[in-house]
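K.L.:
All letters in the sequence shown, in the order written, are residues 5 to 462 by this note's numbering. After the structure tokens below, expect a handful of questions from me.
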Amino acid sequence: MNPLPRSLAPRTLRGRLSLVALTTAALLMTVLTVAFNTVMDRHLRHQADDQLRDRAAAVATTIDTSGPRVRVLETANDRLLDANAWIYEGTRLLERPPATAPGSTLTRAAARVAARDERACSTVGPRSPHPVRLCSDLVGGHHGATVVTALDLEPYRSSADTSLLGSLILDAVMLACTYALTRLAVGRALRPVRTMTDQATRWSAVAADVRFGAENHPAELAGLGASLDTLLDRIRTVLRHEQQLTGELSHELRTPLTRIVIELDWWQARPRTAAETRATHGVIAEAARSMRTMCDTLLDDARDRAQNTSAAPVGTTAVVPVLRRLVESLDARDRVEIFVDGGDPGPRTGVASPLLERIVSPLLSNAVRYARATVTVSARQLPGSVRIDVTDDGPGVPRAFADELFQPGRRADLDDGHDGAGLGLALARRLARSVGGEVSHAHGHPCGACFRVDLPVG
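Next up, the structure:
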């Protein structure tokens, strides 16, 4: 069976299932209709044959085969018995129906049936509008007489045609009911699927926490719900990563953008010398390079997370020169003193320089933001790792806030007069963990706050 062309196939699952059910029902009904009408035709033919043999037996009662010759006895019902009945002695015709001519087609057919010398039946004109059935019966053995009776099959054929027409009408009604009921049943069965699809669309748009679950659902819908729940979780993760990346970019780019704005405002305040202009250009160029490095680092990390890989920028880096470069870029000497503790070039870590800057920069910015007078940055070699401590003499981390310290977007005091979105520490920890390191808060520091960065050895 050839499939329907793509342009004629139903576009909905409901239509396709209804078409499959209709096709299956049509094939089944075709087989049943053919089988029923075949059985009906055979039954009608056997019924006609039985009637012919009964009439032949009745005619046989009027035949005397006891003498040397066959004699036909006259009876009261002789006219009724002679209708459509031929009596032969061997091949010699003894008696024929009064309404039948000796050389007619029906008489010749009766002679052929009688010549078989056995009980046999034959149909004359099976394709004509008025077919006739002939059956022969032997009377008195092989040397006796043969009776051939005829029966018009038109009533039987009419009954068969009526049965065929009725079965076709019934098939059409059944197919229409099958299609309508299938569409109704499939529509009701697919209603929960449409509801789940609409809910999934709404929930995915807002990254909702609601899920379908597997309870109170049939097995198929439970599997679909589990798949949709997994898809919603992935969409929520993607949206969360997108929001996190946007926040991190905004947080990280704020400082170099501020430097660029300040330098431009300072340069435009009054006419500047060529040396001052070159210095301003240098600061702006350095800030722009820093912004590009930040964008590359964050986007590479986001790309790695999207691809479910733990790959990170590779390479070994001398830690102390990177720390000094970060300190010099802060321009916070007028407010706090920043000390870098560690011999030059100091220990080496197996982290690329841009990523090391992105890990330490948020910690250093927070220390400068909250320090009263001093910030100390130290680097030292430990067995199997490199530790960087960033310490300030500020108010420290409130004990009640310690458990939420590294959660994105959380700040201990929103009204402390300092800017920031609460993303720096979370970013530093995530980047450190991406290379097998860790960022932690040293509890119990006597004065201010102390954050520790542990990174693999280079």
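C-beta: ideal position from N, C-alpha, C; glycine also.
(1) Spell out a yes or no on whether the stretch 44-51 and the stretch 61-79 are touching, meaning 3 or more CB-CB pairs, one atom from each, closer than 8 Å.
(2) With which residues is Cys181 paired in a DSSP beta bridge?
(3) Can you check which of these residues, Pro196, Gly441, Val355, Ala209, is closest to Gly227 by C-alpha distance?
(4) For Leu330, is the classification buried or exposed, using 16 other Cβ atoms within 10 angstroms of its Cβ as the cut-off for buried?
(5) Where do the ends of the alpha helix (DSSP H) carrying Gln385 lie?
(6) The alpha helix (DSSP H) spanning Ser369 covers which residue range?
(7) So, using beta-carbon positions, are Phe410 and Leu429 closer together than 8 Å?
(8) Rounded to the nearest angstrom, how far is the Cβ of Val401 from that of Ala453, given a contact under 8 Å?
(9) Classify Pro14: buried if its beta carbon has 16 or more other beta carbons within 10 angstroms, exposed otherwise.
(10) Flag this pair as yes or no: are the beta carbons of Leu26 and Thr199 separated by less than 8 Å?
(11) Would you report the Cα separation of Gly148 and Glu122, rounded to the nearest angstrom?
(12) Counting C-beta neighbours from all protein chains within 10 Å, is the total for Leu56 16 or more, i.e. buried, or is it exposed?
(13) Cutting at 8 Å between CB atoms, please list the residues of its own chain near Asp269, excluding the five before and the five after it.
(14) With distance defined between alpha-carbon atoms, name the residue in Ala273, Pro130, Pro133, Thr153 nearest to Asp141.
(15) How is the alpha helix (DSSP H) around Ser438 delimited, first residue to last?
(16) So, using beta-carbon positions, are Leu155 and Val128 closer together than 8 Å?
(17) Return the first residue and the last residue of the alpha helix (DSSP H) that Thr111 is part of.
(18) Do the CB positions of Leu459 and Val394 come within less than 8 Å of each other?
(19) Helix, strand or coil: which one does DSSP assign to Leu97?
(20) What does DSSP give as the partner residues of Thr284 in its beta bridges?
(21) Can you name the residues that DSSP bridges to Glu332?
(22) Return the CA-CA distance between Ala316 and Ala291, expressed in angstroms with no decimal places.
(23) Rounded to whole angstroms, what's the CA-CA distance from Val190 to Ala180? Just pull it up for me.
(24) Per DSSP, Trp207 forms a beta bridge with which residues?
(25) Would you kindly work out how many angstroms separate the C-alpha atoms of Arg112 and Tyr92, rounded to a whole number?
(26) Less than 7 Å between C-beta atoms, sequence neighbours within five positions excluded: which residues of the same chain meet that for Pro366?
(27) By alpha-carbon positions, which one of Asp237, Leu360, Cys125 ends up nearest to Ala482?
(28) Starting from Ser22, trace the alpha helix (DSSP H) in both directions and tell me its first and last residue.
(29) For Arg100, count neighbouring C-beta atoms within 10 Å of its own C-beta (all shown protein chains included) and say buried if the count is 16 or more, exposed if not.
(30) Would you identify the three-state DSSP class for Arg274, choosing helix, strand or coil?
(31) Going straight from the alpha carbon of Leu327 to that of Gly448, what length do you get?
(32) From Tyr160 to Arg120, what does the alpha carbon distance come to, in whole angstroms?
(33) Could you please give the first and the last residue of the uninterrupted beta strand (DSSP E) stretch that includes His449?
(34) Return the bridge partner residues of Val465 from the DSSP annotation.
(35) Looking at the structure shown, is Asp68 part of a helix, part of a strand, or coil, going by DSSP?
(36) Give the secondary structure of Glu341 by DSSP, where H, G and I count as helix, E and B as strand, and everything else as coil.
P.N.:
This is what the structure gives:
(1) Touching, no, given that fewer than three Cβ pairs across the two stretches are closer than 8 Å.
(2) Residue 181 sits at position 177 when you count from the first residue of the sequence shown. For Cys181, DSSP assigns no beta-bridge partner whatsoever.
(3) As a first step, residue 227 must be located in the sequence shown, where it is residue number 223. Measuring from the Cα of Gly227, the nearest candidate turns out to be Pro196.
(4) On the sequence shown, residue 330 is found 326 positions in, with the first residue counted as 1. Result: buried.
(5) Translated into the one-based positions of the sequence shown, residue 385 becomes position 381. Here Gln385 belongs to no alpha helix (DSSP H); instead the beta strand (DSSP E) covers 378-386.
(6) If you number the sequence shown from 1, residue 369 lands on position 365. Secondary structure note for Ser369: its alpha helix (DSSP H) is the uninterrupted segment 357-374.
(7) For the purposes of this step, residue 410 is taken as residue 406 along the sequence shown, with counting starting at 1. For the purposes of this step, residue 429 is taken as residue 425 along the sequence shown, with counting starting at 1. Contact: yes.
(8) Start at 1 with the first residue of the sequence shown, and residue 401 comes out as number 397. Start at 1 with the first residue of the sequence shown, and residue 453 comes out as number 449. About 5 Å separates the Cβ atoms of Val401 and Ala453, confirming a contact at the 8 Å cut-off.
(9) Locating residue 14 in the sequence shown gives position 10, where the first residue counts as 1. By the Cβ neighbour-count rule, Pro14 is exposed, with fewer than 16 other Cβ atoms within 10 Å of its own.
(10) Along the sequence shown, read from residue 1 onward, the residue named residue 26 stands at position 22. Along the sequence shown, read from residue 1 onward, the residue named residue 199 stands at position 195. No, the Cβ-Cβ distance between Leu26 and Thr199 is not below 8 Å.
(11) Counting from 1 along the sequence shown, the entry for residue 148 is found at position 144. Counting from 1 along the sequence shown, the entry for residue 122 is found at position 118. Computed Cα separation, rounded: 12 Å.
(12) Locating residue 56 in the sequence shown gives position 52, counting from the first residue. Buried, because 16 or more other Cβ atoms sit within 10 Å of the Cβ of Leu56.
(13) Counting from 1 along the sequence shown, the entry for residue 269 is found at position 265. If we look at Asp269 and ignore the five residues flanking it on each side, it has no Cβ neighbours.
(14) On the sequence shown, residue 141 is found 137 positions in, with the first residue counted as 1. Closest option to Asp141, Cα to Cα, is Thr153.
(15) Residue numbering aside, residue 438 sits at position 434 when the sequence shown is read from its first letter. For Ser438, the enclosing alpha helix (DSSP H) begins and ends at 428-438.
(16) As a first step, residue 155 is located in the sequence shown; it is residue number 151 there, counting from the start. As a first step, residue 128 is located in the sequence shown; it is residue number 124 there, counting from the start. No.
(17) Here residue 111 refers to the residue found at position 107 of the sequence shown. Counting along the chain, the alpha helix (DSSP H) containing Thr111 begins and ends at 109-119.
(18) Mapped onto the sequence shown, residue 459 falls at position 455. Mapped onto the sequence shown, residue 394 falls at position 390. No. Outside cutoff.
(19) Sequence index remark: in the sequence shown, residue 97 carries index 93 (1-based). Reduced to three states, the DSSP call for Leu97 is strand.
(20) The residue labelled residue 284 in the question sits at position 280 within the sequence shown. DSSP links Thr284 through a beta bridge to no other residue.
(21) Within the sequence shown, residue 332 is the residue found at index 328, counting from 1. Looking at the DSSP assignment, Glu332 forms no beta bridge with any residue, so it has no partner.
(22) As a working note, residue 316 is residue 312 in the sequence shown. As a working note, residue 291 is residue 287 in the sequence shown. Because Ala316 sits at a pLDDT of 43, beneath the cut-off of 50, its placement in the model cannot be relied upon, and the point is left open.
(23) Mapped onto the sequence shown, residue 190 falls at position 186. Mapped onto the sequence shown, residue 180 falls at position 176. Approximately 15 Å between the Cα atoms of the pair.
(24) What you label residue 207 is simply residue 203 of the sequence shown in a count that begins at 1. None; Trp207 has no bridge partner.
(25) Indexing the sequence shown from 1 puts residue 112 at position 108. Indexing the sequence shown from 1 puts residue 92 at position 88. Take the alpha-carbon of Arg112 and the one of Tyr92: they are about 12 Å apart.
(26) Indexing the sequence shown from 1 puts residue 366 at position 362. In its chain, beyond the 5 residues on either side, Gly428, Leu429, Leu431, Ala432 have a beta carbon closer than 7 Å to the beta carbon of Pro366.
(27) Residue 482 lies beyond the stretch modelled for the chain, which goes from 5 to 462, so this question has no answer here.
(28) Counted from its first residue, the sequence shown places residue 22 at position 18. The continuous alpha helix (DSSP H) containing Ser22 extends over residues 17-64.
(29) Position 96 of the sequence shown, counted from the start, is the residue given in the question as residue 100. By the neighbour-count definition (other C-beta atoms within 10 Å, threshold 16), Arg100 is a buried residue.
(30) Here residue 274 is taken as the residue at index 270 of the sequence shown, counted from 1. Under the three-state reduction of DSSP output, Arg274 falls in the coil class, being neither helix nor strand.
(31) Translated into positions along the sequence shown, residue 327 becomes position 323. Translated into positions along the sequence shown, residue 448 becomes position 444. Leu327 and Gly448 have their alpha carbons spaced roughly 25 Å apart.
(32) Sequence index remark: in the sequence shown, residue 160 carries index 156 (1-based). Sequence index remark: in the sequence shown, residue 120 carries index 116 (1-based). Inter-residue distance for Tyr160 and Arg120 is about 26 Å (C-alpha atoms, whole angstroms).
(33) The residue you call residue 449 lines up with position 445 of the sequence shown. From DSSP, His449 is part of no beta strand (DSSP E); its letter is neither H nor E.
(34) Residue numbering for the chain in the displayed model covers 5 to 462; residue 465 lies beyond these limits and cannot be assessed.
(35) Within the sequence shown, the letter at position 64 stands for residue 68. Asp68: strand per DSSP, three-state reduction.
(36) Position 337 of the sequence shown, counted from the first residue, corresponds to residue 341. Looking at Glu341 - three-state DSSP - the assignment turns out to be strand.
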